[in-house]
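Residue 1039 in the numbering used here sits at position 300 of the sequence shown; the count goes up by one each step and never skips. C-beta atoms are modelled at their ideal positions from N, C-alpha and C, and glycine is treated no differently.
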Amino acid sequence: MKSVVDNSDGKMKNDDVTIKNNVDTSKVGSYEIKYYAYDSLNNKGEVIRKVNVVKKIKETVSKDLAGEKYYKGLDPNNYIYFSNVLFRILKVDGNNIVIVAASDVSNVDYNSIGKWFDYYDSNLTDSAKELIVKNKYCNMSIDNSKIGVKTCGSYSKKTSYGLLSMDDINNTLVDGSSYLVGNTITWLGNSKDNNNAYAFRNIFNNSDSIYYSFEKKHNFGVRPVITIKGNTLITDGNGSEDDPYVLTDFVKLKKNSLLNSRNVGEYIIYSNYLWRIQKIENDGTIKVICDQTIMDGLNSIKINYDDSIKNKIYNPKTRGNVGYKINNVTSKHLDTSYFVNHTDYVYVYENEPIYDKEVSKNKIEVKISAPNMYEVYSAAPNNPFTKSYWLINSSKSGSEVPGVSDTGTVMYGEGSVNYSYGIRPVAHFNKKVVITNGKGTINEPFMIKK
740 MKSVVDNSDG
750 KMKNDDVTIK
760 NNVDTSKVGS
770 YEIKYYAYDS
780 LNNKGEVIRK
790 VNVVKKIKET
800 VSKDLAGEKY
810 YKGLDPNNYI
820 YFSNVLFRIL
830 KVDGNNIVIV
840 AASDVSNVDY
850 NSIGKWFDYY
860 DSNLTDSAKE
870 LIVKNKYCNM
880 SIDNSKIGVK
890 TCGSYSKKTS
900 YGLLSMDDIN
910 NTLVDGSSYL
920 VGNTITWLGN
930 SKDNNNAYAF
940 RNIFNNSDSI
950 YYSFEKKHNF
960 GVRPVITIKG
970 NTLITDGNGS
980 EDDPYVLTDF
990 VKLKKNSLLN
1000 SRNVGEYIIY
1010 SNYLWRIQKI
1020 ENDGTIKVIC
1030 DQTIMDGLNS
1040 IKINYDDSIK
1050 NKIYNPKTRG
1060 NVGYKINNVT
1070 SKHLDTSYFV
1080 NHTDYVYVYE
1090 NEPIYDKEVS
1100 KNKIEVKISA
1110 PNMYEVYSAA
1120 PNNPFTKSYW
1130 LINSSKSGSE
1140 VPGVSDTGTV
1150 MYGEGSVNYS
1160 YGIRPVAHFN
1170 KKVVITNGKG
1180 TINEPFMIKK
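See the structure below:
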């Protein structure tokens, strides 16, 4: 403060100014500093300035880890927003830090994950991508005798995205538990041989191990691992689940913003259900996926193919087909007035679905459809209300009808045509929908109006 001048008293002493603030330089966030003074006529003058306390992410994480490389245990305070989506901080890597998606993003066959990462990249904000550092990720082949490994002997070329590896998981375990291990089956970056690779989950049937090898043709969960610059600034948060770290890439809400100005992965509350943005379409509509299956009271609604349906390819025009039921049943259980009819596609594969290997795609015009397993945030969320649900992906033979089981695993095969699965709707919000409140996070989703 250089000087204080009053239009009647003239220059005043700096000592005449009272300063009030609650700035805590040990905690990142925004603070206000108030300066006020009174002139000889007891008129009050006041100036308010905003101060942002920021810290570098690598310094903060290193201090928190106190010499350790990894965050460990069941639920450490390592939550962070990246591209406005929740991640977990995995470890310090040199001058940078490594983060991992908080849950599976999609289900993809192992050999197609590299190509799928190109699609995933298109769903991140430009400001987030500026923070990414290309890195080498563990791709060491492992046999069953080495599943306790804590070091890596082989790495990929430098790339923007990778997968968790077995040594990552093992280094985070405390008494057999880790924040990385959940109910879904998630691919690791470790192959067993040319045809098989490892995946992990909290328990496998008939096994006391969290690791199991599968044929690479299976569509299991993918959790992108990303390295970001260590000098990136934290602008808010304390790393807890309720208050994750916020970085400089976080796009804050402007008052009365259109929903189509927001970002993929953000949350909306509508008709008492949570929804996530999957895509902003060229026509301004917003493609969203419900964060759980549709309920009737406390029970998830289950549907199946009628016995009369011989062709089991997803079709919303054929009575008895799950596509028809999803488009017509959903509106009986939630308000669909903010949604619009929109073009979508049913991807048809020769047999089992393989990413980007469809033999045809059928154009459909619907208000409500099922998720495409390869699109972002179609994998089972960490939500106790999400049970099994149908997928839109189909097979030419009609026998490989995929759905997601109660445990979040993609199921298909001859028997799947007879299964009953729930409804996890995908829809398009009207382009005129406006945000009235919220932050777009799972704890503070956007509230909207039309």
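{"Item": "So, are the CB atoms of Ser917 and Asn1121 less than 8 Å apart?", "Value": "no"}
{"Item": "Between Asp1083, Asp988, Asn1111, which lies nearest to Pro1092 when the distance is taken from Cα to Cα?", "Value": "Asn1111"}
{"Item": "Give me the residue from Thr1125, Asn1101, Val767, Leu1013 with the minimum Cα distance to Leu986.", "Value": "Val767"}
{"Item": "At 3 residues or longer, and completely inside the segment 762-817: list those beta strand (DSSP E) runs for me, N to C.", "Value": "768-777, 783-792"}
{"Item": "With DSSP collapsed to three states, give me the class of Asn941.", "Value": "coil"}
{"Item": "Can you give me the Cβ contacts of Asn1080 inside the same chain, cut-off strictly under 7 Å, excluding the 5 residues immediately before and after it?", "Value": "Glu1104, Val1105, Lys1106"}
{"Item": "Assuming Ala1118 contacts Pro963 (C-beta within less than 8 Å), just tell me the rounded distance between them.", "Value": "Rounded, the Cβ-Cβ distance is 12 Å, inconsistent with contact."}
{"Item": "In angstroms, rounded to a whole number, what distance separates the CA positions of Ile965 and Asp778?", "Value": "57 Å"}
{"Item": "Using the three-state DSSP reduction, which class does Leu918 fall into: helix, strand or coil?", "Value": "Checking the displayed sequence, the identity of residue 918 turns out to be Tyr instead of Leu. DSSP places Tyr918 in coil when its eight states are reduced to three."}
{"Item": "Would you verify that the beta carbon of Gly1004 is, or is not, closer than 8 Å to some beta carbon of chain B?", "Value": "Any reference to chain B falls outside this structure, which holds one protein chain only."}
{"Item": "Tell me whether Thr923 sits in a helix, a strand or coil according to DSSP, three-state version.", "Value": "coil"}
{"Item": "Apart from the five residues on each side of it in sequence, which residues of its chain come closer than 8 Å, Cβ to Cβ, to Phe1124?", "Value": "Gln1031, Thr1032, Met1034, Ser1039"}
{"Item": "With a threshold of 8 Å on Cβ separation, who are the neighbours of Lys794 within its own chain once the five nearest residues in sequence on each side are excluded?", "Value": "Val767, Leu972, Ile973"}
{"Item": "Could you give the DSSP three-state label for Ile973: helix, strand or coil?", "Value": "strand"}
{"Item": "Can you tell me which of Tyr1006, Lys1051, Arg1015, Asn999 puts its alpha carbon nearest to the alpha carbon of Thr1024?", "Value": "Asn999"}
{"Item": "I'd like to check one pair, Val844 with Tyr859: are the Cβ atoms closer than 8 Å?", "Value": "yes"}
{"Item": "Does the pairing of the segment 804-816 with the segment 930-940 give three or more beta-carbon distances under 8 Å?", "Value": "no"}
{"Item": "Grouping DSSP H, G and I as helix and E and B as strand, with all else coil, what is Ile1065?", "Value": "helix"}
{"Item": "Less than 8 Å between the C-beta atoms of Ile1162 and Val1085, yes or no?", "Value": "no"}
{"Item": "By how many angstroms is the C-alpha of Lys889 removed from the C-alpha of Met905?", "Value": "8 Å"}
{"Item": "Below 8 Å on the Cβ atoms is my guess for Tyr1158 versus Asn1043; work out the distance and round it to an integer in Å.", "Value": "6 Å"}
{"Item": "For Leu927, is the classification buried or exposed, using 16 other Cβ atoms within 10 angstroms of its Cβ as the cut-off for buried?", "Value": "buried"}
{"Item": "According to DSSP, which residues form a beta bridge with Cys891?", "Value": "Answer is none; Cys891 lacks a bridge partner."}
{"Item": "Suppose you measure from the CA of Lys759 to the CA of Tyr1113; what does that come to, to the nearest Å?", "Value": "53 Å"}
{"Item": "Suppose you measure from the CA of Asp1083 to the CA of Ala1109; what does that come to, to the nearest Å?", "Value": "10 Å"}
{"Item": "Using the Cβ count rule (16 or more neighbours within 10 Å means buried), how would you classify Thr925?", "Value": "buried"}
{"Item": "Decide if Leu870 is buried, meaning its Cβ has at least 16 other Cβ atoms within 10 Å, or exposed.", "Value": "buried"}
{"Item": "Check whether the segment 1140-1151 and the segment 946-956 are in contact - that is, three or more C-beta pairs closer than 8 Å.", "Value": "no"}
{"Item": "Going by beta-carbon coordinates alone, are Gly887 and Asn909 separated by less than 8 Å?", "Value": "yes"}
{"Item": "Helix, strand or coil, according to DSSP, for Asp988 in the structure here?", "Value": "coil"}
{"Item": "With Gly1004 and Tyr1160 assumed to form a contact (beta carbons below 8 Å), what rounded beta-carbon distance in angstroms separates them?", "Value": "Going by Cβ atoms, the distance from Gly1004 to Tyr1160 rounds to 24 Å, so no, they are not a contact pair."}
{"Item": "Could you give the distance in angstroms between the alpha-carbon of Phe943 and the alpha-carbon of Leu919?", "Value": "16 Å"}
{"Item": "Three or more C-beta pairs under 8 Å: does that hold for the segment 871-883 against the segment 780-790?", "Value": "no"}
{"Item": "Can you tell me which of Val913, Asp914, Tyr876 puts its alpha carbon nearest to the alpha carbon of Lys896?", "Value": "Tyr876"}
{"Item": "Under a Cβ-count criterion, where at least 16 other Cβ atoms within 10 Å of its own Cβ denotes burial, should Ile787 be classed as buried or exposed?", "Value": "exposed"}
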